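Heads up, the thing below is written out as structure tokens.
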Amino acid sequence: MSYSALAVTAVAAVLVLDLAVYRTRMVTRPVFWVAYAIIITFQLLMNGVLTGLEVVTYDPDTIWGPRIAYAPVEDLLFGFAMVTLTLASWAAVNRRANTARRRGWDTRTRRSSTR
Numbered sequence: 441m442s443y444s445a446l447a448v449t450a451v452a453a454v455l456v457l458d459l460a461v462y463r464t465r466m467v468t469r470p471v472f473w474v475a476y477a478i479i480i481t482f483q484l485l486m487n488g489v490l491t492g493l494e495v496v497t498y499d500p501d502t503i504w505g506p507r508i509a510y511a512p513v514e515d516l517l518f519g520f521a522m523v524t525l526t527l528a529s530w531a532a533v534n535r536r537a538n539t540a541r542r543r544g545w546d547t548r549t550r551r552s553s554t555r
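Under my numbering, read the sequence shown as residues 441 to 555, first letter to last.
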């Protein structure tokens, strides 16, 4: 599978996890997009430095071609997938722990705290 195909697959998989599996709906929240705007700024800065100085190079036959700040657009897709997966997973785990706590379960031992 090509780098480009993997990038698109990663985005699709993370969107399915966020919207259908975890049901955190992270990508539907304005606060996510504000945070992502901050993250993508620094991602573009670092990608620009690393690819502009040719610390990281890409085979032109394996990417689509368009670049933003020297970085292929596929890098932005992978970055989006990583950030979204991390935030959605964190929200899902946190929600599960809070639900367990509300039900009287000790999340460290998984035993009822009412004994």
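Ideal Cβ positions, reconstructed from N, Cα and C, are used throughout, including at glycine. As the structure is a prediction and not an experimental result, all values here were calculated from the model.
Whose CA, out of 442, 464, 513 and 518, lies closest to the CA of residue 430?
As displayed, the chain neither begins before 441 nor continues past 555, which places residue 430 out of reach and without an answer.
Are the CB atoms of residue 503 and residue 514 within a distance shorter than 8 Å?
yes
Among 441, 512, 508 and 450, which residue has its Cα nearest to the Cα of residue 500?
The shortest C-alpha to C-alpha distance from residue 500 to any of 441, 512, 508 and 450 is the one to 512.
The alpha helix (DSSP H) spanning residue 443 covers which residue range?
443-456
Any idea what DSSP makes of residue 500, helix, strand or coil?
coil
Kindly identify the DSSP beta-bridge partner or partners of residue 565.
This structure leaves residue 565 out entirely; the chain is present only between 441 and 555.
Taking 8 Å as the limit between beta carbons, can you name the residues of its chain near residue 444, skipping five residues before and five after?
502, 503, 504 and 514
Run the CB neighbour count on residue 524, radius 10 Å, all protein chains shown included, and call it buried at 16 or more, exposed below.
A residue is called buried when at least 16 other Cβ atoms come within 10 angstroms of its Cβ; residue 524 meets this threshold and is buried.
Put residue 535 into one of helix, strand or coil per three-state DSSP.
helix
Between which residues of its own chain and residue 488 is the CB-CB distance below 8 Å, once the five residues before and five after are set aside?
Sequence-distant partners of residue 488 (beyond 5 residues in either direction) whose C-beta falls short of 8 Å from its own C-beta, in its chain, are 509, 510 and 511.
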